[in-house]
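Residue numbers (our numbering), protein chains in the order written: chain D, 1 to 448; chain A, 449 to 896.
Protein chains: 2
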Amino acid sequence: MTRRLSLLVNITGAGNHPGAWALPGRAPDAYVDPDHHLRVARTAERGALDGVFLADIPALHGDIGRGPGQALEPSMLLTYLAAATERIGVVFTGSTTFNEPYNLARRVLSIDHASRGRAGWNAVATFFPGAARNFGLGTVLDPDTRYRRAEEFIGLVHRLWDSWEDGALIADTDGARFADPGRIHAADHTGEFFDVAGPLNVPRSPQGRPVTVQAGASPPGVALAGRFAEAVYTPLLDREAARDYRARLAGQARRYGREVSGIRLLPGLTPVIGSTEAEARARFAALEAGVHQDAQQLARVARTLGLDPATTDPEAPLTEAQLSGPPPDRLPTGFFRTHAEIARREGLSLAGLAARTIGGHRSVVGTPERIADDITGWWSAGLVDGFTLLPDALPDGLDTFVDHVVPILRERGVFRHGYTGTTLRDHLGLPVPPSSYEPSGEKGATAR
Amino acid sequence: MTRRLSLLVNITGAGNHPGAWALPGRAPDAYVDPDHHLRVARTAERGALDGVFLADIPALHGDIGRGPGQALEPSMLLTYLAAATERIGVVFTGSTTFNEPYNLARRVLSIDHASRGRAGWNAVATFFPGAARNFGLGTVLDPDTRYRRAEEFIGLVHRLWDSWEDGALIADTDGARFADPGRIHAADHTGEFFDVAGPLNVPRSPQGRPVTVQAGASPPGVALAGRFAEAVYTPLLDREAARDYRARLAGQARRYGREVSGIRLLPGLTPVIGSTEAEARARFAALEAGVHQDAQQLARVARTLGLDPATTDPEAPLTEAQLSGPPPDRLPTGFFRTHAEIARREGLSLAGLAARTIGGHRSVVGTPERIADDITGWWSAGLVDGFTLLPDALPDGLDTFVDHVVPILRERGVFRHGYTGTTLRDHLGLPVPPSSYEPSGEKGATAR
Chain D
1 MTRRLSLLVN ITGAGNHPGA WALPGRAPDA YVDPDHHLRV ARTAERGALD
51 GVFLADIPAL HGDIGRGPGQ ALEPSMLLTY LAAATERIGV VFTGSTTFNE
101 PYNLARRVLS IDHASRGRAG WNAVATFFPG AARNFGLGTV LDPDTRYRRA
151 EEFIGLVHRL WDSWEDGALI ADTDGARFAD PGRIHAADHT GEFFDVAGPL
201 NVPRSPQGRP VTVQAGASPP GVALAGRFAE AVYTPLLDRE AARDYRARLA
251 GQARRYGREV SGIRLLPGLT PVIGSTEAEA RARFAALEAG VHQDAQQLAR
301 VARTLGLDPA TTDPEAPLTE AQLSGPPPDR LPTGFFRTHA EIARREGLSL
351 AGLAARTIGG HRSVVGTPER IADDITGWWS AGLVDGFTLL PDALPDGLDT
401 FVDHVVPILR ERGVFRHGYT GTTLRDHLGL PVPPSSYEPS GEKGATAR
Chain A
449 MTRRLSLLVN ITGAGNHPGA WALPGRAPDA YVDPDHHLRV ARTAERGALD
499 GVFLADIPAL HGDIGRGPGQ ALEPSMLLTY LAAATERIGV VFTGSTTFNE
549 PYNLARRVLS IDHASRGRAG WNAVATFFPG AARNFGLGTV LDPDTRYRRA
599 EEFIGLVHRL WDSWEDGALI ADTDGARFAD PGRIHAADHT GEFFDVAGPL
649 NVPRSPQGRP VTVQAGASPP GVALAGRFAE AVYTPLLDRE AARDYRARLA
699 GQARRYGREV SGIRLLPGLT PVIGSTEAEA RARFAALEAG VHQDAQQLAR
749 VARTLGLDPA TTDPEAPLTE AQLSGPPPDR LPTGFFRTHA EIARREGLSL
799 AGLAARTIGG HRSVVGTPER IADDITGWWS AGLVDGFTLL PDALPDGLDT
849 FVDHVVPILR ERGVFRHGYT GTTLRDHLGL PVPPSSYEPS GEKGATAR
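In structure tokens form, the structure reads like this:
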């Protein structure tokens with residue numbers, strides 16, 4: 001099988017730049033308008049992208065006074081998008097900290113049936129304090145506990161997804177036998193965090209299992225990805241960071257008898273596109289101009305590093321003292337780590353960092369050719385399998401990408417001209433996993 | 449406002465009769481096929497019915513060897529249906545025992561936004577032992593505990609739905625102010641079961657709040673309905689039972705300063721329709737013939753009463769000893785109660801009971817005229833506000849109802865010719881509730 005370039009698009013409401021909502025002519029409620037999201041999903045499908053992706057934080061997070069945040073529950077919104085599209089994959093973020101495995105396993109598998117095999121689940125060990133307080137936790141669980149819970153959760157979900165053997169549904173009208181209970185398996189799981197009998201009441205997925213995605217960049221996040229992930233979404237701000245991340249992921253995968261080649265590495269990328277370099281820079285400036293300075297890139301980057309923007313010289317190279325943490329407690333440590341790394345490596349100032357990242361992810365400002373060069377450069381070097389796009393503003397940021405960047409990628413022979421399969425696994429080039437109940441299958445959760 | 453007849457349709461997979469899956473020409477996987485459900489929803493919309501309804505049990509419940517059970521997660525399936533319909537309401541069942549209030553509040557409100565104000569939530573205090581074992585509970589919580597939890601849960605959900613005042617979203621691009629945090633309220637809830645800070649990250653519903661439905665018939669279920677429900681779905685097997693239930697509901701509503709006229713009473717009804725009485729009886733016989741005798745009505749009714757079908761004379765009037773319980777532990781007590789009541793009142797045998805109910809709900813076997821007479825009779829007598837239809841087999845059972853019964857109801861002037869509004873509240877004739885943060889509003893959960 002030839003190696004392929006994969007592209008997801010993370011639909012970040014009004015767009016990934018915090019100023020997107022304030023661009024002229026935007027509907028302020030776009031971020032809670034399902035049809036705004038649908039328009040984006042249909043554009044992505046027109047471009048034959050692999051899938052749409054929805055991040056999530058189950059809380060009113062960030063400064064709602066300055067711009068929109070997470071709102072519509074992503075599994076519902078994704079189902080809405082799946083119902084009105086035909087081929088594109090749909091991946092939603094579901095927390096292993098704030099869900100019950102039985103409910104979550106069932107929701108993902110239900111989307112998979114509803115979408116005829118196009119669903120993926122991005123498993124995250126959410127830690128935001130604001131979220132914890134919505135779930136009876138006065139404080140955030142420590143990382144070890146959250147990741148032990150995530151590990152048990154994902155393994156159990158995989159096992160629940162496998163509850164029904166293929167062919168368990170007999171529908172023998174002569175013998176009045178509907179299903180063969182002997183081929184529907186209880187999980188009988190008893191672990192540190194969960195006691196779940198099962199079986200799941202939903203037959204196995206049209207694509208074997210929904211695709212498992214992982215998004216944590218901290219060491220336990222990478223370990224989790226090495227064990228379970230089939231695709232990874234993470235901020236990687238330069239090639240050195242990508243090389244390093246891929247090596248860490250490969251090491252963790254080997255611990256579980258897996259190959260990193262079976263995991264699609266799809267870091268975030270925010271293209272800011274103009275038909276000339278000057279136009280692209282003007283678009284970036286317009287995005288920055290529309291928001292309060294608290295929401296501008298300089299302030300955001302300072303906060304990511306745990307620095308006070310008011311007292312940090314934006315033009316001076318950041319010092320080791322400034323880059324040594326501790327990480328702020330309201331952002332994933334992966335964001336802190338990646339920003340500090342490239343600032344250190346390249347001797348960047350706050351302003352230098354701000355020009356290189358939007359919303360915590362790598363940004364490229366330029367013409368369609370420049371964006372295409374960047375994508376093909378990283379991909380050809382074997383650093384990544386593709387990208388999770390976070391367009392600067394929506395829907396136009398993705399329109400431009402699909403109309404002007406995708407054709408260049410196709411001309412260069414690195415991206416498909418249309419879908420060749422029907423499932424998200426087909427798009428990503430991932431195999432159908434054997435069931436836990438076949439000898440070759442991953443056992444998922446520990447059986448009692 | 450004139451009184452109106454309301455009709456929901458509970459989409460019970462292949463149909464409410466356990467033999468529906470085995471009728472000739474059926475796809476056995478219809479119960480997990482979203483497009484089967486969509487076909488039913490579109491038929492209901494063609495008939496201008498108020499809404500589709502999905503029940504739920506989060507477990508592989510019942511005898512899967514004999515027929516299909518609950519499968520696709522109802523909030524996902526409902527979203528799928530909402531995306532592909534325009535006007536019909538969508539109501540799903542969500543357990544207050546096996547969910548987190550923040551997640552559930554957000555899911556329902558997200559469907560409400562996605563459907564532009566057509567969502568309702570059927571709050572149930574699920575107790576099935578099989579479900580409890582999927583959520584870390586070795587045994588079922590006692591009814592008091594489950595209903596105290598349900599009461600706290602629903603009040604808290606209402607308060608979370610009200611987090612955003614109307615107009616909190618400012619979108620002032622000049623001042624770079626997106627929303628007014630002072631008009632977005634934390635729930636700050638601390639109760640016996642839940643500690644939830646809030647606010648919800650989803651703005652208020654297009655219909656004020658999603659419609660709250662309640663389905664329990666036990667005394668604490670009726671109390672819960674009296675306090676919170678705007679519509680009630682329950683088995684009522686004869687007029688006497690309906691009169692009694694309505695009186696109990698009115699009494700409970702008054703305890704909370706509410707009027708029963710503000711609650712739509714919509715008991716279950718399974719029509720088995722033929723163009724002649726003989727044809728209708730033949731359809732019923734075909735349904736019974738297709739299933740193993742364990743799944744036939746006689747066995748089901750016996751189980752509902754906690755009796756052994758093998759040792760109970762099907763033709764002998766049931767005795768007080770047989771009707772005195774205890775209720776079997778795998779069915780809601782409301783089902784036991786309603787069956788025992790009419791058997792006692794009418795001196796019915798098992799066979800007599802079996803002919804009167806399907807799947808625990810009242811059944812009428814006959815011509816479209818007879819079905820229409822039954823519906824208008826109950827409605828005109830003021831016993832009920834309408835019905836939750838559970839067609840015997842799908843999709844044809846609803847096709848026949850919409851094509852042949854609805855026109856009669858329209859001729860008689862008791863049912864609408866088309867939708868007159870856009871939201872589920874419009875269809876049901878329910879007012880938009882004031883927010884908890886307005887002086888007249890229900891306070892929902894107790895503030896700290």
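Even for Gly, the Cβ is constructed at its ideal location relative to N, Cα and C.
Same chain only: Cβ atoms within 7 Å of residue i, ignoring 5 sequence neighbours per side
{"i": "A895/A", "result": "With a pLDDT of 37 at A895/A, under the threshold of 50, the modelled position of that residue is not reliable, and no figure is offered here."}
{"i": "V862/A", "result": "L453, T824 and W827"}
{"i": "L169/D", "result": "A179 and P203"}
{"i": "V432/D", "result": "Q207, G208 and R425"}
{"i": "A725/A", "result": "It should be pointed out that residue 725/A corresponds to Glu in this sequence rather than to Ala. Cβ neighbours of E725/A beyond the five flanking positions: G814 and T815."}
Delimiting residues of the alpha helix (DSSP H) encompassing residue i
{"i": "L801/A", "result": "L798 to A802"}
{"i": "G674/A", "result": "P667 to F676"}
{"i": "R303/D", "result": "Q297 to T304"}
{"i": "S558/A", "result": "P549 to A562"}
{"i": "Q214/D", "result": "Run containing Q214/D: none in the alpha helix (DSSP H); it sits in the beta strand (DSSP E), V211 to Q214."}
{"i": "P271/D", "result": "From DSSP, P271/D is part of no alpha helix (DSSP H) but of the beta strand (DSSP E) over G268 to I273."}
{"i": "L872/A", "result": "L872 to L876"}
{"i": "I618/A", "result": "No alpha helix (DSSP H) contains I618/A, which is instead part of the beta strand (DSSP E) from L617 to D620."}
{"i": "I342/D", "result": "T333 to E346"}
{"i": "A250/D", "result": "R239 to R255"}
{"i": "D399/D", "result": "D396 to T400"}
{"i": "S523/A", "result": "P522 to A531"}
{"i": "H484/A", "result": "P482 to R494"}
{"i": "L409/D", "result": "V406 to E411"}
{"i": "G130/D", "result": "P129 to A132"}
Beta-carbon proximity list for residue i, same chain, < 8 Å, skipping 5 on both sides
{"i": "D166/D", "result": "R204 and S435"}
{"i": "G334/D", "result": "G216, A217, S218, G221, T234 and P235"}
{"i": "M449/A", "result": "In this prediction, M449/A scores a pLDDT of 49, lower than 50, which makes its location untrustworthy; no coordinate-derived value is stated."}
{"i": "A302/D", "result": "D308, P309, T312 and L350"}
{"i": "L779/A", "result": "R751, T752 and G808"}
Cβ distance (whole Å) where residue i is taken to contact residue j below 8 Å
{"i": "T43/D", "j": "P395/D", "result": "6 Å"}
{"i": "L237/D", "j": "R362/D", "result": "5 Å"}
{"i": "L54/D", "j": "L78/D", "result": "6 Å"}
{"i": "P210/D", "j": "W161/D", "result": "7 Å"}
{"i": "P719/A", "j": "V812/A", "result": "6 Å"}
Beta bridge counterpart(s) of residue i as assigned by DSSP
{"i": "F53/D", "result": "N10/D and V91/D"}
{"i": "A119/D", "result": "V90/D"}
{"i": "H606/A", "result": "None, per the DSSP bridge assignment."}
{"i": "P317/D", "result": "S349/D"}
Where the beta strand (DSSP E) through residue i begins and ends
{"i": "R66/D", "result": "Note, R66/D: premise wrong, no beta strand (DSSP E); not H, not E."}
{"i": "A733/A", "result": "From DSSP, A733/A is part of no beta strand (DSSP E) but of the alpha helix (DSSP H) over E725 to A737."}
{"i": "G814/A", "result": "H809 to G814"}
{"i": "R449/D", "result": "In the structure as shown, chain D begins at 1 and stops at 448. Residue 449/D is therefore absent and cannot be evaluated."}
{"i": "F387/D", "result": "G386 to L389"}
Same chain, Cβ closer than 6 Å to residue i, neighbours up to 5 away in sequence not counted
{"i": "Y245/D", "result": "L236"}
{"i": "A223/D", "result": "Q252"}
{"i": "W612/A", "result": "I632, P651 and R652"}
{"i": "F601/A", "result": "T544 and P549"}
{"i": "L409/D", "result": "A372 and F415"}
{"i": "R712/A", "result": "S454, A679, D833 and L876"}
Can you list, in chain order, the residues of the region 566-591 of chain A whose Cβ is nearer than 7 Å to any Cβ on chain D?
-> Per Cβ criterion, the list reads R581, N582, F583 and G584.
Quick one: which residues of the region 31-59 of chain D get their C-beta closer than 7 Å to a C-beta of chain A? List them in chain order.
-> Result list: V32, P34, P58 and A59.
Positions along the region 637-659 of chain A whose CB lies within less than 8 Å of some CB in chain D = Those residues of the region 637-659 of chain A that come within reach of chain D (Cβ to Cβ, closer than 8 Å) are F642, D643, V644, A645, G646, P647, L648, N649, V650 and P651.
Quick one: which residues of the region 86-107 of chain D get their C-beta closer than 8 Å to a C-beta of chain A? List them in chain order.
-> Hits within the stretch, in order: F98, N99, E100, Y102, N103, R106 and R107.
Could you run through the region 271-303 of chain D and flag, in chain order, every residue whose CB is less than 8 Å away from some CB of chain A?
-> Flagged, chain order: G290, V291, H292 and A295.
Residues in the region 60-77 of chain D having any Cβ partner in chain A nearer than 9 Å | The region 60-77 of chain D vs chain A, Cβ under 9 Å: L60, H61, D63, I64, G65, R66, G67, P68, G69, Q70, A71, L72, E73, P74, S75, M76 and L77.
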